[in-house]
Amino acid sequence: MPRNARPPTDAPASQALQQLRSQGAHASGAPLSPARKRFDRLLRDLERHRADLQAWQLALSQWRERYHAELQPLLDHRRAADIALVEELDHAYATVKLGKADRAFLSELLCDIAAPLIEAGHESLRPIYDRHSAAGYDQEVAESDALMKQILGQAYGLDADELDGIDSPEQLYERVSERLQQERAQQQQRHTQRRKRAEHKAVVENAEPPPLRELYRKLAGNLHPDRAKGADDHAARTILMQRLNAAYKAGDLLGLLELQAEIGLMDAQGVDAMSAARLQDYNRELDRQCRQLQQQVQQQSDDFCAEYGLELPSRPKPERLGRLMAQLKREVEDDLLDARRGLRELEDPQSFKRWLKRQRAMAGAPDAPWF
């Protein structure tokens, strides 16, 4: 290990970074500078965002396991009940005497239940849908897709040529995602160019390299396995160099600072001793990484909702996925009970008419089952 350094411990990463934070005013009694306070705040924010990403990884693993074991079977049962309900409603439409308004509502209700099932691949329901829809399933989907293309095209700047080659909602979503990625990449490129110009200016003015490269070179010089004094030391240095290279490649200044603190080459007094210009350099790089991690956390949340088709009032948090799972299970179980109750009531014409009347009364409610 490097001279004056101590072996890294198994302590949590936050404990190593804690050594870099100020413990109040300077030993001289002078108050902390704004740059020093910002350094501490950025460390806390980065640790929080990194912990959020790790929490998402664990929560998603648990979610997927529970989803396939607990929720997917309920969804399969509900889908089967909905298919049976569509078929029975179609039969009731043909055999039960109903008024004009009831028949129109029944057709609308039937199409609302059948549409997502057809979209999911249950093609046997398409003829039923077409019997109860004035335009037919294909035409309604085409009109809906055209409207969606128009709205999203205007919102995301897709021109007519780009929209012309899109034939499905999936392709439209992919094209919009590509455009958003391009915009993010362009923003990142502009930010990187500004950062490089600022770094170049700092090099010219201060004759100091940017903090990421400077810190990497310092740690690489201390940790290189060629400087090992034995087999155990060589193995330890090899592991540390792997961490160092991975952090540098990822632009992870927090990881470099963490490693530096772990091996005892930096502490709070070392940060206090930095020049104001150097501390500002560190803060700029930490701020960049902080915003990047924050975007990753938000993207993880958005990707989760997109993967499972969730429309939530706010971004979900990993620690609340257990409650979200319980809520979804209750909702699916309630839907399944409603569908099965409807199937039983369809067995008798009078019971069916009472059921249909209740559905009409519920149609305007915000929590109506299929509206």
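Under full-length UniProt numbering, think of the first position of the sequence shown as 1, with each following residue one higher. Yeah, the Cβ is synthetic: ideal placement off N, Cα and C, and Gly gets one too.
Is the distance from the Cβ of residue i to the Cβ of residue j below 8 Å?
i, j, result
"Leu244", "Leu219", "yes"
"Tyr129", "Ala115", "yes"
"Leu20", "Val271", "yes"
"Pro349", "Val96", "yes"
Nearest CA to the CA of residue i: which residue from the options?
i, options, result
"Ala185", "Ala35, Arg323, Gln295, Arg341", "Gln295"
"Arg360", "Glu140, Asp102, Leu85, Ala142", "Asp102"
"Gly136", "Leu343, Leu110, Arg358, Gln154", "Leu110"
"Glu88", "Gln350, Arg354, Glu345", "Glu345"
"Ala80", "Tyr308, Arg354, Asp338", "Asp338"
"Tyr216", "Leu253, Gly270, Lys97", "Leu253"
"Glu285", "Cys305, Leu356, Phe39", "Phe39"
"Ala35", "Gln280, Gly309, Ser314", "Gln280"
Ignore the nearest five residues each way along the sequence and tell me which others in residue i's own chain have a CB closer than 6 Å to its CB.
i, result
"Met266", "Gln260"
"Asp90", "Ile128"
With residue i and residue j assumed to form a contact (beta carbons below 8 Å), what rounded beta-carbon distance in angstroms separates them?
i, j, result
"Ala247", "Leu256", "5 Å"
"Leu46", "Gln289", "6 Å"
"Leu343", "Ala59", "Contact flag wrong, Cβ pair sits at about 36 Å."
"Trp63", "Met362", "No, Trp63 and Met362 are not in contact; Cβ-Cβ is about 31 Å, not under 8 Å."
For residue i, which three-state DSSP category applies?
i, result
"Asp82", "helix"
"Arg21", "coil"
"His224", "coil"
"Pro31", "coil"
"Ala361", "helix"
"Arg315", "coil"
"Glu65", "helix"
"Leu53", "helix"
"Asp281", "helix"
"Glu205", "Any reading at Glu205 must be qualified, since the residue scores a pLDDT of 47, below 50, and its modelled position is unreliable; the value itself is stated next. If DSSP states are grouped into helix, strand and coil, Glu205 belongs with the helices."
"His122", "coil"
"Leu98", "coil"
"Gly264", "coil"
Residues in its own chain within less than 8 Å of residue i by CB, not counting five upstream and five downstream?
i, result
"Met241", "Ala220, Leu223, His224, Pro225"
"Leu75", "Val332"
"Gln154", "none"
"Lys329", "Glu70, Leu71, Leu74"
With a CB to CB cut of under 7 Å and the five nearest residues on each side skipped, what residues in its chain are close to residue i?
i, result
"His234", "Pro225, Ala228"
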